[in-house]
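Asks: Right, I'll just put the structure down here and ask away after.
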Amino acid sequence: MALQIQQVISDGISVAASRNGAIFAVLFVVVETVGLLLFFGAGTLYVPVDVGTGITSGTDIAAGGELPQMASSIAILLTSAFTSIITIPLSIIAIRTFVGGHTDSIPDPYIFDRIGRATVSGVIVNFLYGILLFAIPIAAAIGLLLSIATIGRLDVLPDQYSIVVFAIIGLLIIFGTILVLGIVWLHFLFILHEVSIRHRGVLGAFKGSWDTVRGHRLTVAMLGVALVAIRMSVSWFAVPSTGGHWSPVQIVITSASIVASSIVGVFVAAIFARAYRNLRPDVTDGFM
Numbered sequence: 001m002a003l004q005i006q007q008v009i010s011d012g013i014s015v016a017a018s019r020n021g022a023i024f025a026v027l028f029v030v031v032e033t034v035g036l037l038l039f040f041g042a043g044t045l046y047v048p049v050d051v052g053t054g055i056t057s058g059t060d061i062a063a064g065g066e067l068p069q070m071a072s073s074i075a076i077l078l079t080s081a082f083t084s085i086i087t088i089p090l091s092i093i094a095i096r097t098f099v100g101g102h103t104d105s106i107p108d109p110y111i112f113d114r115i116g117r118a119t120v121s122g123v124i125v126n127f128l129y130g131i132l133l134f135a136i137p138i139a140a141a142i143g144l145l146l147s148i149a150t151i152g153r154l155d156v157l158p159d160q161y162s163i164v165v166f167a168i169i170g171l172l173i174i175f176g177t178i179l180v181l182g183i184v185w186l187h188f189l190f191i192l193h194e195v196s197i198r199h200r201g202v203l204g205a206f207k208g209s210w211d212t213v214r215g216h217r218l219t220v221a222m223l224g225v226a227l228v229a230i231r232m233s234v235s236w237f238a239v240p241s242t243g244g245h246w247s248p249v250q251i252v253i254t255s256a257s258i259v260a261s262s263i264v265g266v267f268v269a270a271i272f273a274r275a276y277r278n279l280r281p282d283v284t285d286g287f288m
């Protein structure tokens, strides 16, 4: 069955512009705000902790001072993990609601049915997906360095030709990396949908997402690129300044951007959910 983009967008907007869509928008605003504050605070500020003995840990860092780079990185990593654990179950419930097409109320099974297992699977698949996206350019960079080292060691080409060969190899690896990243992104767009709707495990989610996109790559890519571009363009303004000096204008812009980003995110999630429903005709209204 071909992906009906116009119908998918219409259905997505319809379910997003509903009572349930408004509820999810508010919840995502809260989650994004808390996550942003934790991310910013944990990465830059030191808060002394009294463990009940009246003695805080010995340190030369003043309260509210800037953390060392290593401590800041660890704090940001832990904060990101905490935010992810909060966001994923909310995303799972939203996906179930939008795939089911409910607009006025959220059925109890969408909230409680295997939500713990789905959350664990969702955290793991997102983590593995992130590692995969990180590993591809790293592998490409290593391949480029090895190619340069090998050609340089063989010393079979004059210097002017070696430079041309290095440039060609570099361009091929860059374009190849972009192509591979695009293929991975496209085929794993629906891993969380597979976890949420079909109760897939980790490996099953990757396989199910790949099967969902198969035969519809071009239309899914067109829809996905457009939606992600819109989402990212709005989310970019919600990134806070890390310079430590906030003006009233920055606070207003960041706050408004968080709200706008959450609202747009709900519409994007709803359209993706309806696309998944369209691509998976075996998913019926009683999928739970």
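Here the sequence shown stands for residues 1 to 288, numbered as in our numbering. Ideal Cβ placement from N, Cα and C applies to all residues, glycine included. The structure presented is a predicted model; accordingly, all values stated were derived computationally and were not measured.
Exposed or buried, what is Tyr161 when buried is set at 16 or more other beta-carbons lying within 10 Å of its beta-carbon?
Replies: Counting from 1 along the sequence shown, the entry for residue 161 is found at position 161. It counts as exposed.
Asks: CA-CA distance, Ala275 and Ser235?
Replies: Residue mapping note: residue 275 aligns to position 275 of the sequence shown, counting from 1. Residue mapping note: residue 235 aligns to position 235 of the sequence shown, counting from 1. Rounded to the nearest angstrom, the two C-alpha atoms are 22 Å apart.
Asks: Buried or exposed for Val195, going by 16 or more other Cβ atoms inside 10 Å?
Replies: Indexing the sequence shown from 1 puts residue 195 at position 195. With 16 or more other Cβ atoms within 10 Å, it is buried.
Asks: Closest to Ser84 by C-alpha separation, out of Asp108, Ile124 and Arg19, would be which residue?
Replies: Taking the sequence shown and counting its residues from 1, one reaches residue 84 at position 84. Among Asp108, Ile124 and Arg19, the Cα nearest to that of Ser84 is on Ile124.
Asks: Can you tell me which of Ile163, Arg217 and Leu132 puts its alpha carbon nearest to the alpha carbon of Thr177?
Replies: Indexing the sequence shown from 1 puts residue 177 at position 177. Answer by Cα proximity: Leu132.
Asks: Taking Ile9 as the reference, which of Gln250, Thr254, Ala256 and Met222 has the closest Cα?
Replies: Here residue 9 refers to the residue found at position 9 when the sequence shown is read from its first residue. Checked all of Gln250, Thr254, Ala256 and Met222; the closest Cα to Ile9 is Met222.
Asks: From this set, Ser18, Val228, Arg277 and Gly12, which residue's C-alpha is nearest Asp104's C-alpha?
Replies: Counting from one through the sequence shown, the residue named residue 104 turns up at place 104. Checked all of Ser18, Val228, Arg277 and Gly12; the closest Cα to Asp104 is Ser18.
Asks: Just to confirm the assignment, what range does the alpha helix (DSSP H) spanning Phe267 have?
Replies: Here the question's residue 267 lines up with position 267 in the sequence shown. Segment Pro248 to Leu279, the alpha helix (DSSP H) holding Phe267.
Asks: Roughly how far, in whole angstroms, is the beta-carbon of Ile115 from the beta-carbon of Ile92, given that I think they are within contact range, below 8 Å?
Replies: By one-based count along the sequence shown, residue 115 stands at place 115. By one-based count along the sequence shown, residue 92 stands at place 92. About 7 Å separates the two Cβ atoms, so the contact holds.
Asks: Once DSSP output is grouped into helix, strand and coil, what is the label at Ser57?
Replies: Translated into the one-based positions of the sequence shown, residue 57 becomes position 57. At Ser57, the pLDDT of 42 sits below 50, so the modelled position is not reliable; the number obtained from the coordinates is stated separately. In this structure, Ser57 counts as coil in the three-state DSSP scheme.
Asks: Looking at C-alpha atoms only, which residue of Arg198, Ala22 and Pro109 is the closest neighbour of Gly122?
Replies: Taking the sequence shown and counting its residues from 1, one reaches residue 122 at position 122. Nearest option by C-alpha distance: Arg198.
Asks: Please say whether Phe24 and Thr97 have beta carbons closer to each other than 9 Å?
Replies: Position 97 of the sequence shown, counted from the start, is the residue given in the question as residue 97. Position 24 of the sequence shown, counted from the start, is the residue given in the question as residue 24. A contact, by the Cβ cut-off of 9 Å.
Asks: Using the three-state DSSP reduction, which class does Thr103 fall into: helix, strand or coil?
Replies: Reading the sequence shown from its first residue, position 103 is the one you call residue 103. Reduced to three states, the DSSP call for Thr103 is coil.
Asks: Given this structure, state the Cα-to-Cα distance separating Val31 from Leu146, to the nearest angstrom.
Replies: The sequence position of residue 31 within the sequence shown is 31, counting from 1. The sequence position of residue 146 within the sequence shown is 146, counting from 1. Looking at the two C-alpha atoms, the distance is approximately 44 Å.
Asks: Classify Arg214 as helix, strand or coil using the three-state DSSP reduction.
Replies: For the purposes of this step, residue 214 is identified with residue 214 of the sequence shown, where counting begins at 1. If DSSP states are grouped into helix, strand and coil, Arg214 belongs with coil.
Asks: What's the gap between the Cα of Arg277 and the Cα of Ala139?
Replies: What you label residue 277 is simply residue 277 of the sequence shown in a count that begins at 1. What you label residue 139 is simply residue 139 of the sequence shown in a count that begins at 1. Roughly 35 Å separates the two Cα atoms.
Asks: Where does Ser224 sit, in a helix, a strand or coil, going by DSSP?
Replies: Start at 1 with the first residue of the sequence shown, and residue 224 comes out as number 224. The sequence shown places Gly at residue 224, not Ser. Reduced to three states, the DSSP call for Gly224 is helix.
Asks: Between Thr87 and the rest of its own chain, which residues show a CB-CB distance below 7 Å, the 5 nearest in sequence each way excluded?
Replies: Within the sequence shown, residue 87 is the residue found at index 87, counting from 1. Val31.
Asks: Could you tell me which of Ile148, Ile174 and Val259 sits nearest to Val165, measuring between CA atoms?
Replies: In the sequence shown, residue 165 corresponds to position 165, counting from 1. Cα-wise, what sits closest to Val165 is Ile148.
Asks: Cβ atoms of Gly101 and Phe267: under 9 Å apart, would you say?
Replies: Numbered from its first residue, the sequence shown carries residue 267 at position 267. Numbered from its first residue, the sequence shown carries residue 101 at position 101. No, Cβ-Cβ distance for Phe267 and Gly101 is not below 9 Å.
Asks: Arg200 by DSSP, collapsed to three states: which one?
Replies: What you label residue 200 is simply residue 200 of the sequence shown in a count that begins at 1. It is coil, neither helix nor strand.
Asks: Taking the C-alpha atoms as reference points, what is the distance between Ile13 and Phe134?
Replies: Mapped onto the sequence shown, residue 13 falls at position 13. Mapped onto the sequence shown, residue 134 falls at position 134. For Ile13 and Phe134, the distance between alpha carbons rounds to 33 Å.
Asks: Would you grab the beta carbon distance between Leu144 and Ile163 for me? Rounded to a whole angstrom, and I think it's under 8 Å.
Replies: Indexing the sequence shown from 1 puts residue 144 at position 144. Indexing the sequence shown from 1 puts residue 163 at position 163. Leu144 to Ile163, Cβ: 14 Å. No contact.
Asks: Return the CA-CA distance between Arg217 and Leu192, expressed in angstroms with no decimal places.
Replies: As a working note, residue 217 is residue 217 in the sequence shown. As a working note, residue 192 is residue 192 in the sequence shown. Taking the straight line joining both Cα atoms gives about 18 Å.
Asks: Count the other CB atoms, across all protein chains shown, that sit within 10 Å of the CB of Arg214; report buried if there are 16 or more and exposed otherwise.
Replies: Stepping through the sequence shown from its first residue, residue 214 is reached at position 214. With fewer than 16 Cβ atoms within 10 Å of its Cβ, Arg214 is classed as exposed.
Asks: Along the alpha helix (DSSP H) that carries Ser18, what are the first and last residues, could you check?
Replies: Stepping through the sequence shown from its first residue, residue 18 is reached at position 18. Taken as a continuous stretch (DSSP letters only), Ser18 belongs to no alpha helix (DSSP H), as it is neither H nor E.
Asks: Could you tell me whether the Cβ of Gly12 comes closer than 9 Å to any Cβ of chain E?
Replies: In the structure shown, chain E cannot be found, because there is only a single protein chain.
Asks: Out of Asp11, Ala2, Gln4 and Phe28, which has the shortest C-alpha to C-alpha gap to Ser261?
Replies: Taking the sequence shown and counting its residues from 1, the one referred to as residue 261 is at position 261. Nearest of Asp11, Ala2, Gln4 and Phe28 to Ser261, Cα basis: Phe28.
Asks: What span of residues does the alpha helix (DSSP H) with Phe112 cover, start to end?
Replies: For the purposes of this step, residue 112 is identified with residue 112 of the sequence shown, where counting begins at 1. That run of the alpha helix (DSSP H) goes Asp108 to Phe112.
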